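Undergrad: Everything in the sequence shown is counted per my numbering, starting at -8 for the first residue and increasing by one.
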Amino acid sequence: MGKLISLLLLIVLVGLGVGAYLFTRDMAAPEVSLTPERAATGAKREFTLQARDQASGIKTVKVSVLQAQKETTVLQKTFDPAPAEVREAFTLEQAGLREGQFDIIVVVTDKSVFNFGAGNTTRVTRTMALDNRAPVISVLSQAHHIKQGGACGVVYQVNKDVERSGVFVGDRFYPGYKLPSGNYACIFGFPWNMDIKAFQPRLYAEDQAGNERAISFRFNAKPTKFKHDSINIGDDFLQSKMPQFEAIYPDIKDPIQLYVKVNRDLRKENVAKLGEFARNSAPQMLWEGVFLRLPNAAPRAGFGDGRTYLYKNQKIDEETHLGVDLASLENAQVPAANSGRVIYTGFFGIYGNAVIIDHGWGLQSIYSHLSQITAKEGDTVRKGDIIGNTGATGLAAGDHLHFGLILGGIEIQPIEWWDPHWIKDNITDKFQ
């Protein structure tokens, strides 16, 4: 009898221990985040709720809004089985809110047996203002003349603070920047490979509540007739140039196959990388006035020149030359075309040894095929500072400088920026 009582007591104690463990093993409330974090919002803005509970999983989520003592549910879900992490998107379009202040309330409960099976709960309350009024954009600049492959400046006014503004050309966005006057300015481009009928720039603004507006504006666009050349690729060229790229494509042994791979695929990779550099352009205009041209240099190839590449009179590739080739003395000193910050130095694929300078506002310059680089990444350079020497690295057939300008990640016509009258009429006078 005594043994039976002891056994029953042991079972009770074990049960109590297990129950206590289950009851207390997860006393932590779920982790909850609500983005974006803004003081104001429009009804159409998408919010993202993320909740995490690794121990017990998420059982329920609820989002409601409270305005004038009226609470409205905008999201409510129960999960079975309970996932360790949930991510839910929602808007306030169906909440029936009026413009003005309101509270957004998030309640997330896990599946813990704590709190007598009710689980742990996290409650987040955020006070916001509803603003459904889209910004109003007014164009202030008058003439917007632009050539295919070129650039243009526009000045505009927005009636409220904005999250971002600028010009859309197709799906490419050129950011605008605030001037000391409080107005905004943007330098945008006409992509060299866009048909003139498709070129329809639109000014865009998004306010801090997520409201958007896009408007058209007057412009005068002109097509450009680009040249086309045929270039013969010889065995001597292949033997002298392809060793630079063997480490990049070690499996390709045939020189002509390697050349086509470099000229086509590596070129695309390099162009994509230029787009990445553009995302980190300074929000200040670092350049001033006309851009410098390599002194005492003769042009050897122009921007937008189409090129058909031939090997033994057979077409092997076709590409577009997106810069200006300038030939001076061998190993000539290369000056920075304008002031800015050096953001890249080193071997850059088809461009060989190259230096890239950021001039701010999405405008960058590239100096290619250098024999020597004297600038360092992070350097602040002034117009005319020597950054290297001309050479024939990369896919260059002879000693020269390939000079390019990039706006918003796409190459543009450099000749415009060597012309003080063009800069004055199309850019700087507008921005003053």
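Idealized CB from N, CA, C, for every residue including glycine.
All values reported here derive from a predicted model rather than from experimental measurement.
Would you mind listing the alpha helix (DSSP H) stretches within the region 70 to 115 that are 4+ residues and don't spill past its ends, in chain order?
TA: none
Undergrad: Among L170, F181, N150 and Q139, whose alpha-carbon lies nearest the alpha-carbon of V158?
TA: F181
Undergrad: According to the Cβ coordinates, are N254 and I341 closer than 8 Å?
TA: Yes; because the gap between Cβ atoms is below 8 Å, this pair is in contact.
Undergrad: Can at least three beta-carbon pairs, one atom from the region 330 to 341 and one from the region 374 to 386, be found at a separation below 8 Å?
TA: yes
Undergrad: For a test of the three-state rule: what should DSSP assign to H412, helix, strand or coil?
TA: helix
Undergrad: What is the rounded straight-line gap between the Cα of K303 and the Cα of G225?
TA: 8 Å
Undergrad: Under 6 Å Cβ to Cβ from A200, same chain only, skipping five residues before and after it: list those, please.
TA: A31, T32, G33 and D122
Undergrad: Would you check if the distance between the CB atom of F190 and the CB atom of A212 is smaller than 8 Å?
TA: yes
Undergrad: From E90 to E37, what does the alpha carbon distance come to, in whole angstroms?
TA: 17 Å
Undergrad: Specify the secondary structure class of K216 as computed by DSSP and reduced to three states.
TA: Coil, per DSSP.
Undergrad: For my contact list, K102 and K50 are in at a C-beta cut-off of 8 Å; report their separation, rounded to the angstrom.
TA: 4 Å
Undergrad: What residue from E260, D94 and G144 has the CA that sits closest to T419's CA?
TA: Looking at the Cα atoms, G144 is the closest of the given residues.
Undergrad: Would you call the region 349 to 362 and the region 383 to 394 touching, i.e. three or more CB-CB distances under 8 Å?
TA: yes
Undergrad: Check T381 in the structure and name its three-state DSSP category.
TA: T381: coil per DSSP, three-state reduction.
Undergrad: Which whole runs of the beta strand (DSSP E) in the region 321 to 362 are 3 residues long or more, in chain order?
TA: 324 to 326, 331 to 338, 344 to 349 and 354 to 359
Undergrad: G290: which of A42, Y300 and L320 sits nearest, CA to CA?
TA: According to the sequence as given, residue 290 is Pro; it is not Gly. The candidate whose alpha carbon is nearest that of P290 is L320.
Undergrad: Return helix, strand or coil for S47, following the three-state DSSP convention.
TA: coil
Undergrad: With distances taken from CA atoms, which of V160, E267, Q92 and E402 is nearest G314?
TA: E402
Undergrad: Buried or exposed for T15, going by 16 or more other Cβ atoms inside 10 Å?
TA: Its pLDDT being 47, under 50, T15 is placed unreliably by the model, and nothing is read from it.
Undergrad: Got a sec? Which residues, its chain only, sit under 7 Å from N150 by beta carbon, not counting five neighbours each side?
TA: P126 and V127
Undergrad: So what's G266 in DSSP terms, helix, strand or just coil?
TA: helix
Undergrad: Near L386, which residues of its chain fall below 6 Å by C-beta distance, leaving aside the five closest residues on each side in sequence?
TA: I341
Undergrad: Can you name the start and end residues of the beta strand (DSSP E) that P246 belongs to?
TA: It is not in any beta strand (DSSP E) - P246 instead sits in the alpha helix (DSSP H) that spans P246 to V251.
Undergrad: Looking at the strands, I want to know which residues DSSP matches up with V65.
TA: Beta-bridge pairing links V65 to no other residue.
Undergrad: Which residues in the same chain have their Cβ closer than 6 Å to the Cβ of H350, if we skip the five residues on either side of it in sequence?
TA: Close CB contacts of H350 within its chain, under the 6 Å cut and outside five residues either way in sequence, are with L277, W278, N329 and G331 (chain order).
Undergrad: Look at the Cβ atom of I96, then the Cβ atom of S129, and state whether they are nearer than 8 Å.
TA: no
Undergrad: Output needed for M424: all residues of its chain with C-beta closer than 8 Å, excluding positions within five of it in sequence on either side, in chain order.
TA: An answer regarding residue 424 cannot be provided, because it is not within the stretch -8 to 423 covered by the chain.
Undergrad: Along the chain, where does the beta strand (DSSP E) that runs through F460 open and close?
TA: Nothing can be reported for residue 460: it is not among the residues displayed for the chain, which extend from -8 to 423.
Undergrad: What's the C-alpha gap between F164 and R117?
TA: 32 Å
Undergrad: Distance check for A269 and L317, CA to CA, integer angstroms please.
TA: 24 Å
Undergrad: In whole angstroms, what is the alpha-carbon distance linking A141 and E237?
TA: For clarity, residue 141 is Gly in the given sequence; the question names Ala instead. Approximately 36 Å between the Cα atoms of the pair.
Undergrad: With F228 as the anchor, note down where its alpha helix (DSSP H) starts and where it stops.
TA: D226 to K232
Undergrad: In this structure, how does DSSP classify L461 when only helix, strand and coil are distinguished?
TA: Because residue 461 is not part of the residues shown, which for the chain are -8 to 423, the question remains open.
Undergrad: Ignore the nearest five residues each way along the sequence and tell me which others in R298's own chain have a CB closer than 8 Å to its CB.
TA: H219, D220, S221, I222, E309, E310, T311 and H312
Undergrad: Please tell me whether V146 and F422 are closer than 8 Å, where the distance is taken between their beta carbons.
TA: Yes; because the gap between Cβ atoms is below 8 Å, this pair is in contact.
Undergrad: Taking C-beta to C-beta, are A42 and V99 nearer than 8 Å?
TA: yes
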